Each structure stands twice: as structure tokens, then as C-alpha cells.
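Just so you know, the protein sequences line up as chains H and C, in that order. For the first sequence, the numbering used here assigns the number 14 to the initial residue and increments by one for each residue that follows. For the second sequence, the numbering used here assigns the number 29 to the initial residue and increments by one for each residue that follows. Think of the CB as a built atom: it goes at the ideal place given N, C-alpha and C, for glycine as much as any other residue. Just so it is clear, the structure is predicted and the values come from calculations on it, not from any experiment.
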Amino acid sequence: MTGKIRLKEVVVEKGAQRDAFAKSILDRVSRLPLRRASSSEKNLDGNGLGDSKEILYLLPYRGEFLKPCPGTREYICCGYQILNVGTNCPLDCSYCILQAYFNLPYLRIFVNLEEELDPIFHRIDAHPEKIFRIGTGEFTDSLALDEITRWTDLLLPLFSARKNVILELKTKTDQIGRVLDSNCRDRIVVSWSLNSPYIVAHEEHKTAGLKARLRAARQCQSEGFVLGFHFDPLVFHRGWREGYLRTLDLMDKYLDPKKIIWISFGAFRFMPALKWIIRKRHHATCVLDGEFVVGLDGKMRYFKPIRLEMYSFMKENLDKWSDDLGLYLCMESDEIWRKTLGWSPNNTEGLRRYLDGRVLRFFG
Amino acid sequence: MVDKGKSERIAEAPVRRILLGDIEKGPGPYCMSFGYDLQPLLGSIKAVGLMNSPVLREDRGGALRVIAGYRRIHALRSLEYGEVLCRVLPESQFTALDALLYNFHDNLATRRFNDVEKGMVLKHLSEWLPEDQIIEEHMPLLNLPSHRPTLSLYIELEARLEDEVKVDLARGNVALRTARMLLEMDRRTRMSVFRILSNLMFNVNQQLQFIDYVTDIAKIEKKGVPELLEDPVLVELCTGDRTNRPQRTKAVLNFLRSRRLPTLKQAERRFHETVGSLNLPEGVSIKAPPFFEASQYRLEVLFETGEELRRKIVHLVETEGLLALGDPWREKP
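Next comes the structure, spelled out in C-alpha cells:
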């Protein structure tokens with residue numbers, strides 16, 4: 014784990030400790046106080062419970078482990094699928110949607126993951142004509158807890174062995190030790206969420222610094238991993254142009270653009286309920302200072318000309334680095350696509366085809 | 029719960045004539061009445077007298093506290109009665125928790141609690157019972173979800189809100205969601221916001237919008253909310269003599285919206301100016317999508333006959349300046 018992440022307790026739900034996956038996690042955190050979950054634990058909610066990000070909660074998950082990314086019809090979605098290995102994230106970014114998205118606290122690790130992978134791969138194997146782009150970094154950070162959970166030990170060989178799937182590990186850490194130790198390279202994309210140095214320093218509280226992330230990315234790239242990057246959220250803040258340019262400069266310094274499968278942009282957007290959680294938990298934040306209006310999906314978004322300006326700026330400057338970076342927008346309209354990237358996939362199916370095409374180009 | 033023996037003790041408690049001056053003045057630790065309208069009860073007592081005796085608890089020192097009937101005693105005091113017949117239970121027979129539960133269930137059976145009263149109930153209960161028990165047993169009786177943060181919210185409402193805010197919350201003038209936002213503020217900020225809320229006429233959404241705007245603007249402009257609300261333009265809008273309260277409310281929200289969303293406001297103004305300069309035929313209007321978020325604008329033509337429609341379309345085609353229409357932030361052709 015990064016030096017900034019601290020765990021103070023492990024809580025185990027009744028029956029969960031019998032699971033082999035849970036046992037191995039408990040062995041690795043044996044120095045931490047351990048307790049059984051109490052019945053009143055269910056009366057808690059996740060809002061504003063900062064301390065709960067320091068508590069590891071082991072439980073079996075009874076829902077679907079593989080689920081589509083929660084896009085909305087009003088904007089173009091990439092057709093991503095989420096492998097739900099756990100929920101909530103120890104990194105505590107001020108803008109994090111998970112603060113409002115989940116109504117349960119703690120870093121929840123699903124101990125029955127291994128047994129639930131069989132039906133998932135059965136589904137994947139039943140559709141060899143289809144490409145499954147799957148990630149673990151939507152409901153938690155893919156690598157922040159990897160030294161404890163060893164998700165990558167379990168998942169990389171299983172994904173790497175298949176031809177119609179990629180696994181994207183999305184992170185804001187530099188915790189790549191176990192990824193590098195793996196022999197698996199095929200069908201694995203290691204991705205970093207990036208931002209301007211100011212946002213990284215002031216809003217992404219327990220993450221690795223920008224240079225640390227890029228050093229980790231460079232190491233992965235030099236050891237044969239395909240990389241992805243996500244500028245999501247792009248945050249409108251004082252000096253944003255200079256800030257994002259600085260990040261692009263660092264990317265140029267550290268990385269080879271030829272081995273980047275995609276770079277996405279998504280301007281900051283949020284469910285209205287998130288606003289007061291952010292205000293309460295992150296007093297000094299600047300992420301709410303922009304001009305937000307209600308989007309077609311009911312989420313708050315930057316007023317359109319602001320988004321147009323930010324995306325156009327990023328595209329223009331990334332184009333100077335390479336014209337083959339697989340740029341795409343996360344949850345934007347056809348109009349915004351055309352006016353900023355100069356083309357549009359028209360709809361979700363079109364974007365899915367475009368990104369599947371990138372997978373085929375990079376992995377065959 | 030109050031067991032049968034205890035309930036019999038209440039029924040069998042002697043009725044005594046008590047001087048109103050001997051009963052503890054404040055609402056006391058068992059009371060759960062707030063923001064009520066005393067007039068109907070005053071009318072009833074004037075018409076037929078007091079029908080049900082209040083229940084009091086007498087401590088070892090002889091002090092008398094109201095278990096049930098605080099409003100009745102309040103009404104009698106208002107009517108300048110000197111004494112009242114009460115059932116009096118000695119402390120030795122009826123614990124403080126018994127008294128609290130008795131009053132809680134007595135009220136539950138006869139009326140609904142407002143949000144302040146729910147806070148009073150939960151705060152009193154939390155002094156005697158474990159949280160889990162309150163969450164599981166008592167919150168459902170108050171039509172509240174069994175949810176720890178909800179319990180905390182209601183206790184905070186009771187413990188921290190000023191009486192004048194509570195009065196408006198109890199009367200429904202301040203929404204629960206608004207009260208929750210007010211709780212997040214320090215006292216000075218809360219009262220500066222509350223004074224405007226209570227002086228103007230905001231509906232629930234407008235209350236939330238108002239708080240949202242002033243919180244955002246104060247943060248962006250790096251000043252306190254009270255200082256922001258002392259802005260002379262805003263003060264003038266809040267107090268303007270020539271406008272009524274709904275007009276003042278609308279003007280205040282418009283002013284804050286312009287300050288919070290200047291780019292949007294400028295786009296709206298430019299768009300309206302452009303459309304206004306087109307000299308469109310009567311019954312023809314052009315509208316922008318909400319917040320300009322969707323890509324298409326809307327043309328509406330009102331007509332009675334095909335001939336009228338044709339005439340208006342021809343007029344439209346010949347309208348100068350149509351090419352200037354479009355996103356108001358782009359360079360005009």
C-alpha cells in the first residue's frame with residue numbers, strides 16, 4: 014500500500030472467515046485488530062464516514078460480480094464492464110462519486126470472488142466473437158489494496174489466458190509490485206487516472222503523486238504492459254490549462270505514446286447528492302467551484318462551453334504528442350464529440366466498436 | 029415498555045388539586061410538544077373545561093414535573109387558572125424512563141409528531157436507552173427509517189437548532205432538508221441564512237437552491253455567508269418596498285443565479301437578444317434547451333389554418349438574422 018493509506022481494523026461478516034480468500038487476507042493483516050461484524054453495522058451509511066476508509070470489511074457479495082458500467086442513455090457510453098471485486102476506496106479523492114454512490118461504509122472486499130469467477134468466464138467463453146472490456150477500478154482502486162487482497166495474482170492469469178477479453182487495472186497509486194511480478198502481459202491494460210499537479214496535490218488525498226504514478230507507468234511500459242490513461246475528472250480550476258499542460262509534458266517525458274491503448278477525458282460530473290457530502294468532508298475543495306448545470310441524465314455537469322473548451326484543449330495538446338492515442342470521451346454527447354474530437358462514434362455501440370478495435374490492434 | 033402494573037399505577041394514582049405555580053415551569057425532560065397551536069385547546073377549555081387530568085411525577089424533594097399534559101398546563105396558565113386536578117405519581121413508583129415512555133406512547137396514540145418533536149423524543153430516549161434499541165424499536169414508531177445517521181440528525185436538530193428555526197421547522201416553513209443544511213453551518217451563518225428564508229417566501233426547492241447558491245458564492249469569493257448576505261444589492265432586493273414577497277424571492281434567486289453562473293447567464297442573455305432582434309411573426313417562438321445542454325433549439329409556430337402557417341413560414345424564411353442563431357458562445361458568422 015502507499016504510505017498514505019492506513020488501515021486500523023478488520024471486520025469480518027459472519028461466515029466469511031471460512032472462505033480461503035478471506036483466510037489469506039486475514040493472514041496478511043494479522044497485525045490489525047480483528048472483530049466480527051455486529052448486527053448494528055447495517056444501520057450505518059457510507060456518507061461522510063471518513064474513518065470507515067480505514068476499516069477493511071470482509072464479506073461475501075450476493076449480487077452480480079460482472080455488471081455493465083452505469084452509463085445513461087442520454088450520453089455515449091463506452092460499454093465497459095465492471096468486475097465488482099470490492100467497493101469503496103482508501104484513496105479519498107474529494108470528488109469521488111463513490112462517496113454518494115454506495116450507501117454502505119468500509120473498504121468492502123468480496124471474499125467469494127474466486128468462486129464467482131467461474132460463471133463469469135463461462136459467459137465470456139460462450140461468446141468468442143465478442144470482446145469483453147472489463148475493469149476492477151470503478152468501484153474501488155484496482156491496485157491500492159493489492160498487497161493485501163492480491164486480486165492481481167488471481168485475475169491476471171485468468172484474463173491473460175483468453176483472447177476475447179481484456180482486464181483493465183485502473184489506479185491512482187504506484188502499487189505495481191505484484192503486477193510486475195506476474196508473468197502475464199497479454200490482455201492486461203494497466204491504467205492511471207491523471208490530473209493536473211494542483212488537483213493531484215489538493216484533491217486526491219491519499220494517492221501517489223503525479224511523478225510517482227508516471228514512474229510506475231513507465232516501469233510497466235518498459236516491462237511490456239499496455240497502458241491506458243484517464244483524465245477523469247477534468248476539473249476546471251484556476252490555472253487549469255497550465256496544470257494539464259504540465260501533466261502532458263510529464264507524460265511526454267516519461268512515456269512512449271506508441272504503447273498507449275487509450276486516453277479518456279471526462280469533465281467532472283456528479284449526482285446532486287454528492288455535493289453536500291463533498292462540502293461536509295472536504296472543506297477546502299475547489300472541485301465544486303465551476304459553473305455546473307443539470308445534465309440530460311440529471312447529473313450536474315460543467316456548462317457546455319466550458320466542457321468544449323477543456324476537451325478541445327486536451328485534444329489539441331495530446332495531438333502534438335501523438336495522433337494515435339485512442340482518445341475518447343466518457344459520457345458525453347454526439348455533439349460534444351464532434352465539436353472537440355472532430356468525429357463521433359454516434360452512439361454507445363459505435364464507441365464500443367472503436368475501443369474493441371483498439372483492443373484488437375494492441376492485442377490481436 | 030410500560031408494564032401492566034405500571035399502567036395500573038397510573039390509573040390508580042390519586043387525583044390531587046395542584047397549584048399551577050407548584051408545577052415546574054419548563055417543558056421538562058418528558059415533554060415532546062413543540063410548535064403547537066394552543067388556540068383550539070384554549071377554546072375547548074373555555075367551552076367545557078379541562079376533561080383529562082395531566083399526569084405529574086413528584087420527586088423526593090416534592091418538585092412536580094409534567095409527564096403528560098404539558099400543553100394543557102400551558103393553556104391553563106394562559107387562561108390564568110390558579111390550580112388544576114392532576115394524577116400525581118411518586119418517583120419511587122415511576123422511573124424517569126417509565127415517565128418518558130408513558131408520554132411517548134400517550135402521544136403516539138393520539139397525534140403525529142412534527143420533526144422537532146421527533147427530535148425531542150429521540151434525544152430524550154437516547155439519554156436512557158441504547159442506540160440500537162431506539163433505532164430498531166422507536167424510530168419505526170415515529171415513521172422514521174431505522175438508520176443511525178437519521179437518528180443523529182434528529183437528535184442534532186433538537187440539540188443545536190435555535191428555537192426560532194425550530195418553530196419554522198415544526199410549522200413546515202423550513203423543510204427538513206433545509207434544516208439539515210442549516211445544521212451544517214455555524215450559528216452566525218445559520219441565523220443570517222434563516223432570517224432571509226423566514227422573511228421571503230421560498231418553497232422547498234427554492235430554500236435548497238438559495239442555500240446552495242450562497243454557500244457556493246461565499247466559498248468561491250472567499251468570504252463568509254453573513255458578509256455575502258450583507259451585500260447592498262441583495263439587501264435591497266430582500267427588502268424592496270415596491271415588490272411583494274414572491275417577487276422579492278424571485279429577484280433574490282435571479283441575482284444569486286447570475287452571480288453563481290455568469291457564463292450561463294451571459295449565454296442566456298445573448299440568446300434572448302438574438303431571438304429578440306429577429307422580428308419573428310406573432311405566434312412564433314424560438315427556445316433554447318434547458319441550460320443549452322441538448323444540441324437542438326426549438327421552433328414553435330402557433331396557427332389556425334394552413335394558410336396562416338404558410339404565411340408564417342414564408343415570413344420566417346425571409347427573416348434576416350436567422351443565421352446568427354445558434355450557440356450563443358460561438359463566434360457569430
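What are the residues that DSSP puts in a beta bridge with Thr153 of chain H?
Within the first sequence, numbered from 1, the residue matching residue 153 of chain H stands at position 140. In the DSSP output, where bridge partners are listed per residue, Thr153 of chain H has none listed.
So, does the CB of Ile245 of chain C fall closer than 8 Å to a CB anywhere in chain H?
Your numbering for residue 245 of chain C matches position 217 in the second sequence. For Ile245 of chain C, the answer is no, since every Cβ of chain H falls outside 8 Å of its Cβ.
Would DSSP call Gly61 of chain H helix, strand or coil?
Taking the first sequence and counting its residues from 1, one reaches residue 61 of chain H at position 48. Any answer about Gly61 of chain H is weak, because its pLDDT of 47 lies below 50 and its placement is not dependable; what the coordinates show is given next. In the three-state reduction of the DSSP assignment, Gly61 of chain H falls in the coil class.
Taking all protein chains shown into account, do 16 or more other C-beta atoms lie within 10 angstroms of the C-beta of Lys21 of chain H, making it buried, or fewer, making it exposed?
Here residue 21 of chain H refers to the residue found at position 8 when the first sequence is read from its first residue. Flag for Lys21 of chain H reads exposed.
Going by alpha carbons, who is nearest to Arg358 of chain C out of C:Tyr325, C:Leu337, C:Leu350 and C:Ala295?
Working through the second sequence from its first residue, we reach residue 358 of chain C at position 330. Nearest option by C-alpha distance: C:Ala295.
If we ignore side chains and look at the alpha-carbon of each, how far apart do Tyr325 of chain C and Gly311 of chain H end up?
As a position in the second sequence, residue 325 of chain C is number 297, starting the count at 1. As a position in the first sequence, residue 311 of chain H is number 298, starting the count at 1. One C-alpha to the other measures close to 19 Å.
Cross-chain neighbours of Val307 of chain H in chain C, by beta carbon under 9 Å:
As a first step, residue 307 of chain H is located in the first sequence; it is residue number 294 there, counting from the start. Neighbours of Val307 of chain H on chain C, chain order: Pro318, Phe319 and Glu321.
Span separating the alpha-carbon of Asp143 of chain C from that of Leu136 of chain C:
Within the second sequence, the letter at position 115 stands for residue 143 of chain C. Within the second sequence, the letter at position 108 stands for residue 136 of chain C. Spanning the two alpha carbons is a distance of roughly 14 Å.
Starting from the beta carbon of Ser173 of chain H, find every residue of chain C whose beta carbon is closer than 7 Å, and list them in chain order.
Here residue 173 of chain H is taken as the residue at index 160 of the first sequence, counted from 1. What Ser173 of chain H touches in chain C: nothing, since even the nearest Cβ is about 42 Å away.
Locate the beta strand (DSSP E) running through Tyr315 of chain H, then write down its first and last residues.
Here residue 315 of chain H refers to the residue found at position 302 when the first sequence is read from its first residue. It spans Met313 to Tyr315 - the beta strand (DSSP E) in which Tyr315 of chain H sits, taken as one unbroken run.
CB-CB under 8 Å to Leu373 of chain H, same chain, minus the five flanking residues each way: which ones, in chain order?
Looking up residue 373 of chain H in the first sequence gives position 360. The answer, listed in chain order, is Ile144.
Which word fits Asp126 of chain C, buried or exposed, when buried means at least 16 other C-beta atoms lie within 10 angstroms of its C-beta?
For the purposes of this step, residue 126 of chain C is identified with residue 98 of the second sequence, where counting begins at 1. Looking at its Cβ environment, which holds 16 or more other Cβ atoms inside 10 Å, Asp126 of chain C is buried.
Test: Glu348 of chain H CB closer than 8 Å to a CB of chain C:
For the purposes of this step, residue 348 of chain H is taken as the residue at position 335 of the first sequence. Chain C, which has a Cβ nearer than 8 Å to the Cβ of Glu348 of chain H, makes this yes.
Spell out the partners DSSP gives Arg49 of chain H in its beta bridges.
Locating residue 49 of chain H in the first sequence gives position 36, counting from the first residue. For Arg49 of chain H, which the question treats as bridged, DSSP gives the partners H:Val25.
Please say whether Pro285 of chain H and Met327 of chain H have beta carbons closer to each other than 8 Å?
In the first sequence, the residue the question calls residue 327 of chain H occupies position 314. In the first sequence, the residue the question calls residue 285 of chain H occupies position 272. Result no, Cβ atoms of Met327 of chain H and Pro285 of chain H do not sit closer than 8 Å.
Against chain H, which members of the stretch 244-265 of chain C pass a CB distance test of less than 9 Å?
Asp244, Lys247 and Ile248
For the putative contact between Glu67 of chain H and Arg19 of chain H, defined by C-beta atoms under 8 Å, what is the C-beta separation to the nearest angstrom?
Sequence index remark: in the first sequence, residue 67 of chain H carries index 54 (1-based). Sequence index remark: in the first sequence, residue 19 of chain H carries index 6 (1-based). So it is a contact: roughly 6 Å between Cβ atoms.
CB contact below 8 Å: Glu212 of chain C versus chain H
Residue mapping note: residue 212 of chain C aligns to position 184 of the second sequence, counting from 1. Output row for Glu212 of chain C: interface = yes.
How many whole angstroms separate the CB atoms of Leu227 of chain H and Leu268 of chain H, which I take to be in contact at a CB cut-off of 8 Å?
Numbered from its first residue, the first sequence carries residue 227 of chain H at position 214. Numbered from its first residue, the first sequence carries residue 268 of chain H at position 255. Yes, Leu227 of chain H and Leu268 of chain H are in contact; Cβ-Cβ is about 7 Å, under 8 Å.
Do Cys91 of chain H and Leu368 of chain H have their C-beta atoms closer together than 8 Å?
Your numbering for residue 91 of chain H matches position 78 in the first sequence. Your numbering for residue 368 of chain H matches position 355 in the first sequence. Their beta carbons are under 8 Å apart, which means Cys91 of chain H touches Leu368 of chain H by this criterion.
Nearest chain C C-beta to Leu301 of chain H closer than 8 Å, yes or no?
In the first sequence, residue 301 of chain H corresponds to position 288, counting from 1. By this cut-off, Leu301 of chain H is an interface position.
Leaving out five residues on either side along the sequence, give the residues of the same chain with a beta carbon under 8 Å from the beta carbon of Arg48 of chain H.
For the purposes of this step, residue 48 of chain H is taken as residue 35 along the first sequence, with counting starting at 1. Once the five neighbours on either side are set aside, the close Cβ partners of Arg48 of chain H are Glu22, Val23, Val24 and Val25.
Would you kindly check if the distance between the Cβ of Glu212 of chain C and the Cβ of Lys293 of chain H is under 8 Å?
Position 280 of the first sequence, counting from 1, holds the residue named residue 293 of chain H. Position 184 of the second sequence, counting from 1, holds the residue named residue 212 of chain C. Between Lys293 of chain H and Glu212 of chain C, the CB-CB gap stays under 8 Å.
Among H:Pro103, H:Arg198 and H:Leu130, which residue has its Cα nearest to the Cα of Gly377 of chain H?
Numbered from its first residue, the first sequence carries residue 377 of chain H at position 364. Answer by Cα proximity: H:Arg198.
Residues near Pro82 of chain C in its chain [Cβ-Cβ closer than 7 Å; skip 5 each side]
Along the second sequence, one-based indexing puts residue 82 of chain C at 54. Cβ within range, chain order: Val94, Ala96, Gly97, Arg100, Ile101, Val112 and Cys114.
With DSSP as the reference, please indicate the residues paired to Phe145 of chain H in a beta bridge.
As a working mapping, residue 145 of chain H is identified with position 132 in the first sequence. DSSP links Phe145 of chain H through a beta bridge to H:Val178.
Anticipated Cβ contact below 8 Å, Leu84 of chain C with Val116 of chain C, distance rounded:
As a first step, residue 84 of chain C is located in the second sequence; it is residue number 56 there, counting from the start. As a first step, residue 116 of chain C is located in the second sequence; it is residue number 88 there, counting from the start. Right, their Cβ atoms sit about 5 Å apart.
Same chain, Cβ closer than 6 Å to Asp309 of chain C, neighbours up to 5 away in sequence not counted
As a first step, residue 309 of chain C must be located in the second sequence, where it is residue number 281. The sequence given here has Pro at residue 309 of chain C, not Asp. For Pro309 of chain C, where only same-chain residues beyond five positions count, the Cβ hits under 6 Å are Lys340 and His343.
When burial is assigned at 16 or more other CB atoms within 10 Å of the CB, is Asp50 of chain C buried or exposed?
Working through the second sequence from its first residue, we reach residue 50 of chain C at position 22. Its Cβ having fewer than 16 others within 10 Å, Asp50 of chain C is exposed.
Under a three-way DSSP split, which group does Trp164 of chain H fall into?
Residue mapping note: residue 164 of chain H aligns to position 151 of the first sequence, counting from 1. Helix.
Partners in chain C for Phe375 of chain H, counting only beta-carbon separations shorter than 9 Å
Taking the first sequence and counting its residues from 1, one reaches residue 375 of chain H at position 362. Within 9 Å Cβ-Cβ: nothing; Phe375 of chain H doesn't reach chain C, min ~33 Å.
At least one CB of chain H closer than 8 Å to the CB of Val291 of chain C: is that the case?
Taking the second sequence and counting its residues from 1, one reaches residue 291 of chain C at position 263. According to the sequence displayed, residue 291 of chain C carries Thr and not Val. Chain H contact via Cβ: present.
In chain order, what residues of the same chain have a beta carbon less than 7 Å from the beta carbon of Ala29 of chain H, not counting five sequence neighbours either side?
Within the first sequence, residue 29 of chain H is the residue found at index 16, counting from 1. Taken in chain order, the residues that qualify are Ala35, Leu71, Leu72, Pro73 and Val124.
I want to see whether chain H comes within less than 8 Å of Trp357 of chain C, judged by CB atoms only; does it?
To locate residue 357 of chain C, count along the second sequence from 1; it is residue 329. For Trp357 of chain C, the answer is yes, since a Cβ of chain H falls inside 8 Å of its Cβ.
For Lys36 of chain H, would you say it is in contact with chain C, using Cβ-to-Cβ distances shorter than 8 Å as the test?
As a working note, residue 36 of chain H is residue 23 in the first sequence. Not closer than 8 Å to any Cβ of chain C, the Cβ of Lys36 of chain H fails to qualify, so no.
Would a check of beta-carbon distances place Gly354 of chain C closer than 8 Å to chain H?
Residue numbering aside, residue 354 of chain C sits at position 326 when the second sequence is read from its first letter. No, no contact with chain H.
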